[in-house]
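Read the structure below first, then the notes.
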Amino acid sequence: MVSKKYDLVIRNGRVIDPALGFGKDANIFIKDSKIIKIEKEEESDKRELNSLAENQSVDASGKIVVPGLIDIHVHLREPGREGAETIQSGCAAATAGGFTSICCMPNTMPRIDNQETVKFVQDRAKDAKARVYVVGAITKNIEGKQLAEIGDLVEMGAVGITDDGNFVQDPVIMRLALEYAKMFDIPVMQHAEDKNLCTGGVMNESYQSARLGMKGSPAVAEEIAVLRDIALCSLTKSKLHIQHVSTKGAVDAIRKAKAEGVNVTAEASPHHLILTDEEIGKEFNTNLRVNPPLRTAKDREAVIEGIVDGTIDCIASDHAPHSEEDKDAEFDQAPPGMIGLETSVGLIKTYLIDKGYMNWADVIRRMSYNPARILNLDGGTLAIGSTADITII
136 MVSKKYDLVI RNGRVIDPAL GFGKDANIFI KDSKIIKIEK EEESDKRELN SLAENQSVDA
196 SGKIVVPGLI DIHVHLREPG REGAETIQSG CAAATAGGFT SICCMPNTMP RIDNQETVKF
256 VQDRAKDAKA RVYVVGAITK NIEGKQLAEI GDLVEMGAVG ITDDGNFVQD PVIMRLALEY
316 AKMFDIPVMQ HAEDKNLCTG GVMNESYQSA RLGMKGSPAV AEEIAVLRDI ALCSLTKSKL
376 HIQHVSTKGA VDAIRKAKAE GVNVTAEASP HHLILTDEEI GKEFNTNLRV NPPLRTAKDR
436 EAVIEGIVDG TIDCIASDHA PHSEEDKDAE FDQAPPGMIG LETSVGLIKT YLIDKGYMNW
496 ADVIRRMSYN PARILNLDGG TLAIGSTADI TII
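Counting the sequence shown from 1 gives a position; our numbering is that position plus 135.
Here you go:
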């Protein structure tokens, strides 16, 4: 007789939940999409397990079972640039890479700066393989001149606001955004690069850019932006999230702000943890044209240190696909961005876990629990009664 007590049992996996301090081989019992029990195999009722149908049991022996991974920085390109990515293809890439939830950026065409576009994305994502959370724009058309209707965006379900791809250059606009966001208990997610210093830059300003004859974007462009916004965050007592941190100076500033009690969080992307600007001159691979640019080895080491010590809260892919035609150009003419949804977990294992910087619990905290906490999302834990949002690695 087939058991009706459980819909699914994930058996014999190494269950890791940093939110609960849990890390042991166990079975997870699921009913009505909720986790109802976690126990060791030897503690489980053998008659119950033997009565499970084949489609009610998943053997996770030799695998890690964790809260569903959450990527809080993804560019899905739809609406407007479906030749590079659609919501469906982006979500398929997400689940292939272990992500059950992703947060899409608003720099689509048209921009996600109104309720209608938020609803469009939500409707298109209903049948997608991953859960899609919408991050709305800070300003109308992401131009940095006039605030979007933040209340309307939140009412429709936006979990945060950002002009990602553009820095909110006007400090008055940024202050207002922080004040409005505080009213709705959402973070302002800032692409921190002062445009007055980095416009036209295609790689890090360094010896490498001089050697290659390319216009550079200096590290100080990021650091000035981070320092300014930390000051505004301290003034407004709002939530500030710094996206794709790439420089030592930015890491140091965030660490100091946290020590002083400023409500700032941050993310780093795998490519800034692994690659440096020295790679660009080898083949001029346009996939290495990213924004912010790949930095120096000293910067890379500082970002890793920030991830390890908790200064940087999240690892986020900044998945930013382009068509092959767009990327098939001279390095300085190619659009910035590389894909990352399918490769992030493998890269983090190879370059952070296998090299001894972190363990799996540390990584899951930064790729599931912390992202959920920052954006007030459902997920990030395997607690009894929680939604069975689970990744098996």
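Here a beta-carbon is modelled for each residue, glycine too, at the ideal position from N, C-alpha and C.
Contact set for D444: own chain, Cβ-Cβ below 8 Å, skip 5 residues either direction | Position 309 of the sequence shown, counted from the start, is the residue given in the question as residue 444. Excluding residues within five positions, the ones whose Cβ falls inside 8 Å are R390.
Buried versus exposed, by CB contacts within 10 Å (16 or more), R182 | In the sequence shown, counting from the first residue as 1, residue 182 sits at position 47. It is exposed - the Cβ of R182 has fewer than 16 other Cβ atoms within 10 Å.
Integer-rounded CB distance, given that G336 should sit under 8 Å from K98 = No statement about residue 98 is possible, as the shown extent of the chain runs from 136 to 528 and does not include it.
Integer-rounded CB distance, given that C226 should sit under 8 Å from K198 = Stepping through the sequence shown from its first residue, residue 198 is reached at position 63. Stepping through the sequence shown from its first residue, residue 226 is reached at position 91. 22 Å between Cβ atoms; not a contact.
From A518, D298, R424 and D434, residue whose alpha carbon lies closest to that of Q378 | By 1-based counting over the sequence shown, the position of residue 378 is 243. Residue D298 is the option with its Cα nearest to Q378.
Since T252 and E314 are thought to touch, with beta carbons under 8 Å apart, how far apart are those beta carbons, to the nearest angstrom?
-> Here the question's residue 252 lines up with position 117 in the sequence shown. Here the question's residue 314 lines up with position 179 in the sequence shown. Their Cβ separation, rounded to whole angstroms, is 24 Å, which puts T252 and E314 out of contact at 8 Å.
Please go through the same chain and pick out, in chain order, the residues whose beta-carbon is closer than 7 Å to the beta-carbon of T516, but skip the five residues on each side of it.
-> Against the sequence shown, residue 516 aligns to sequence position 381. The residues are D152, A154, L155, P202 and Y504.
Within 10 angstroms of its Cβ, does T485 collect 16 or more other Cβ (buried), or is it exposed?
-> Against the sequence shown, residue 485 aligns to sequence position 350. Exposed is the call here.
Rounded C-alpha distance that separates T522 from N249 | Counting from 1 along the sequence shown, the entry for residue 522 is found at position 387. Counting from 1 along the sequence shown, the entry for residue 249 is found at position 114. One C-alpha to the other measures close to 30 Å.
Range covered by the beta strand (DSSP E) that runs through K159 | Within the sequence shown, the letter at position 24 stands for residue 159. First-last of the beta strand (DSSP E) with K159: F157 to K166.
By how many angstroms is the C-alpha of I165 removed from the C-alpha of M136?
-> Numbered from 1 along the sequence shown, position 1 holds the residue referred to as residue 136. Numbered from 1 along the sequence shown, position 30 holds the residue referred to as residue 165. With a pLDDT of 46 at M136, under the threshold of 50, the predicted position of this residue should be treated as unreliable, though the coordinate-derived value follows. M136 and I165: Cα-Cα distance of roughly 19 Å.
To the nearest angstrom, report how far apart T243 and N276 are at their CA atoms.
-> Residue numbering aside, residue 243 sits at position 108 when the sequence shown is read from its first letter. Residue numbering aside, residue 276 sits at position 141 when the sequence shown is read from its first letter. The straight-line gap from Cα to Cα measures roughly 10 Å.
D206 versus I442: straight-line alpha-carbon distance, rounded = For the purposes of this step, residue 206 is taken as residue 71 along the sequence shown, with counting starting at 1. For the purposes of this step, residue 442 is taken as residue 307 along the sequence shown, with counting starting at 1. The straight-line gap from Cα to Cα measures roughly 15 Å.
Y504 (DSSP reduced to helix, strand or coil) | Counting from one through the sequence shown, the residue named residue 504 turns up at place 369. The answer is helix: DSSP assigns Y504 an H, G or I state.
Pick from P245, E436 and V289: whose alpha carbon is nearest that of H511?
-> In the sequence shown, residue 511 corresponds to position 376, counting from 1. Before going on, a small fix: residue 511 reads as Asn here, not His. If we check each option's Cα against that of N511, V289 comes out closest.
Continuous beta strand (DSSP E) stretch holding H208: start and end = Here residue 208 refers to the residue found at position 73 when the sequence shown is read from its first residue. It spans L204 to V209 - the beta strand (DSSP E) in which H208 sits, taken as one unbroken run.
So does the region 341-355 actually touch the region 396-407, counting three or more Cβ pairs closer than 8 Å?
-> no
Report the residue ranges of all beta strand (DSSP E) runs contained in full by the region 326-355; include only those spanning at least 3 residues, in chain order.
-> none
Would the beta-carbon of N147 fall within 9 Å of that of S196?
-> Position 12 of the sequence shown, counting from 1, holds the residue named residue 147. Position 61 of the sequence shown, counting from 1, holds the residue named residue 196. Yes, Cβ-Cβ distance for N147 and S196 is below 9 Å.
Own chain, CB closer than 7 Å to P245, minus 5 neighbours either side, in chain order | Reading the sequence shown from its first residue, position 110 is the one you call residue 245. Closer than 7 Å at the Cβ level, and outside the excluded window around P245, lie P214, G215 and T252.
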